[in-house]
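Enquirer:
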Ligand code: KIV
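In my numbering, the protein residues as written are 2 to 277.
1) Which of the three DSSP states, helix, strand or coil, is assigned to residue 167?
2) How long is the line joining the alpha carbons of residue 135 and residue 190, rounded to whole angstroms?
3) Buried or exposed: which applies to residue 248, given that a residue is buried once 16 or more other Cβ atoms fall within 10 Å of its Cβ?
4) Given this structure, state the Cα-to-Cα distance separating residue 123 from residue 253, to the nearest angstrom.
5) Would residue 53 and residue 64 qualify as a contact pair, given that the criterion is a beta-carbon distance under 8 Å?
6) DSSP on residue 257, reduced to helix/strand/coil?
7) Could you compute how far the alpha carbon of residue 21 sits from the alpha carbon of residue 91?
8) Out of 267, 219 and 85, point me to the one whose CA is closest to residue 11's CA.
9) Mapping DSSP to helix, strand and coil, what is residue 193?
10) At what residues does the alpha helix (DSSP H) containing residue 135 begin and finish?
11) Going along the chain, which residues of its own chain have a beta-carbon closer than 6 Å to the beta-carbon of residue 225, five neighbours each way excluded?
12) Report all residues from its chain with a CB closer than 7 Å to the CB of residue 204; omit the five preceding and five following residues, and keep chain order.
13) I'd like the ranges of any alpha helix (DSSP H) spanning at least 4 consecutive residues and lying wholly in the segment 58-122.
14) Under 7 Å: does the beta carbon of residue 145 sit that close to some heavy atom of the ligand KIV?
Here is the structure:
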């Protein structure tokens, strides 16, 4: 039996996200597990099963090693525990760049095996054609421009893009191409405010910013970053909690009490019934 009720609420659709262009800001967070998805679902319009799961949950140095199987497993967990938010699943590195046919087969596998409503692709100029191929065949797609974590091997590091004017023009063109190809929204990561505002003003679909200023139609953060689970977070993250401190305090309390034989106590102990 599942601990998570399917509920009766209807999920947000890609069309509803699209209709929010220029309207009420769109609230998005990453989710990888069922318990976290159940909590976030109440407050979010969109949950992204990001390939950042590789770094946040699996301890990988970047997202290159993330596989289709990982994305599907985490996508299934998030879908089981959420019932309101739109769930989008990242296509991992290697799952969509080779050809649009391979991209389509992998996108369909993600949608069928997880039940999610959309996929996300990091959309350099060469990916617009693939986005068009997918959207024309019934696959809702989120684009992702600016800092593209899957480009780390080519860039040598995670690098904000668009500081130089020629590079800014490329990022704007990539966002336009993704929107023209049918993406229902575009994640804009790690760009200067002026670039984010230019993209937001220049495309007909919502921009979802991460490290891209308040000039976007919505915002997304890695949930564990904003909850304060890690010692280091990027400059653009605001910490809304201190999960690391809370967990450390709780674990210290537990270990102190186990060592002092104060846990378990009578309240946490089963006792045999006395014979009558
Ligand atoms: O993988 C991810 O979590 C992402 C978001 C941070 C946008 O791509």
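Quick reminder that beta carbons are idealized off the backbone N, C-alpha and C, glycines included.
Expert: Reading it off the structure:
1) helix
2) 22 Å
3) exposed
4) 41 Å
5) yes
6) helix
7) 22 Å
8) 85
9) coil
10) 129-137
11) 57
12) 176, 177, 180 and 187
13) 69-82 and 101-115
14) yes
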